[in-house]
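Residue numbers (my numbering): -16 to 271.
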């Protein structure tokens, strides 16, 4: 599981922000754990370009159950199964735009249903804040399915990335999630594209989390501090941080973000494995 924590200023509360709401009553927000890992553990074969999004097609009830189990385990937030869900990706599977949009909406619906069912039990409300749902917006590299979310070498302009993300963000922003999770971002140009795009959806907030190559730089070599500083001026950016990154790098990365923003810091590292984007394999490294 990951977490979000910070000291907040008044500006963070001016826009509806479920992260800020919870941080007013407790020091951290506990995120859920890996959705795909749990689905695999329960028998799903995710060797597919759609990754966990394929389960939306094949076994949506399993996704709802994983969300339910994470809430029962103490998660304050469920991240939806939309990380790899794009119109272009679903089109490769023969789905038209209408059906693709319905599956993206379903990803949010499943998490909301799990949250609402959990919260309907009065015992679950004792000593807890109401959990929220974050609609995952994966990077362009997740659609490419070539490991470029760990390199950032897209060769696309900011405008081209905005055009790619706009249709999916429009669906997810209207689907009933409490916040968007723009995650696993490898380059500043994609972060800028998503932040500018967010302005087209007033009242919607999103956290931004990057992949990192070391304790200072994101995957394409840009300084994480620079990225956080650029995002700090956007009031709809609810939190900034890192995900899918080696856990031993997290303390230094958190400090880099904290030096340039008072926004909440979101952190959900990987399990300690390293991913070789060239070979497409993962291997374990010892965590010091």
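We treat Cβ as the ideally placed atom computed from N, Cα and C, and that holds for glycine.
- Per DSSP, the unbroken alpha helix (DSSP H) holding residue 143 starts and ends at 141 to 156.
- With the rule of 3 Cβ pairs closer than 8 Å, the segment 211 to 230 counts as touching the segment 242 to 256.
- Assigned with DSSP and collapsed to three states, residue 13 falls in strand.
- Non-local C-beta neighbours of residue 92 in its own chain, meaning closer than 8 Å and more than five positions away in sequence, comprise 158 and 159, ordered along the chain.
- Residue 64 holds the alpha-carbon nearest to the alpha-carbon of residue 47 among 37, 58, 209 and 64.
- Per DSSP, the beta bridge partners of residue 224 are 192 and 249.
- Excluding its 5 nearest sequence neighbours in each direction, residue 190 has C-beta neighbours in its own chain below 8 Å: -13, 2, 117, 162, 163, 164, 165, 166, 220, 221, 222, 223, 224, 247 and 249, listed in chain order.
- Residues 208, 211, 212 and 215 of the same chain have their beta carbon placed closer than 7 Å to that of residue 243, with the five preceding and five following residues left out of the count.
- For residue 58, the CB contacts under 7 Å within the same chain, skipping 5 residues up- and downstream, are -16, 13, 14, 15 and 114 in chain order.
- Judged by DSSP in its simplified three-state form, residue 115 adopts strand.
- Within a 10 Å sphere around the beta-carbon of residue 125 sit 16 or more other beta-carbons, which makes this residue buried.
- Remark: C-beta atoms of residue 86 and residue 49 do not approach each other more closely than 8 Å.
- A direct Cα-Cα distance of roughly 39 Å separates residue 133 from residue 108.
- The continuous alpha helix (DSSP H) containing residue 210 extends over residues 207 to 214.
- Pairing residue 169 with residue 201 gives a Cβ-Cβ distance under 8 Å.
- If you look at residue 235, you'll find it in the alpha helix (DSSP H) that goes 233 to 241.
- Taking C-beta separations shorter than 8 Å and ignoring five residues to either side along the sequence, the partners of residue 140 in its chain run 172, following chain order.
- Separation of the CB atoms of residue 73 and residue 61 is rounded to 22 Å, and the pair is thereby denied contact status at 8 Å.
- A buried status is given to residue 122, since no fewer than 16 other beta-carbon atoms sit within 10 Å of its beta-carbon.
- Taking residue 185 as reference, the option from 195, 198 and 152 with the minimal CA-CA separation is 152.
- If you draw a 10 Å sphere on the C-beta of residue 135, you find 16 or more other C-beta atoms in it, and that means buried.
- For residue 78, the three-state secondary structure derived from DSSP is coil.
- For residue 237, the closest C-alpha among the options 89, 254, 203 and 197 is that of 197.
- Contact annotation: residue 146 and residue 187 have beta-carbon atoms that are not nearer than 8 Å.
- Per the coordinates, the alpha-carbon of residue 111 lies some 25 Å from the alpha-carbon of residue 226.
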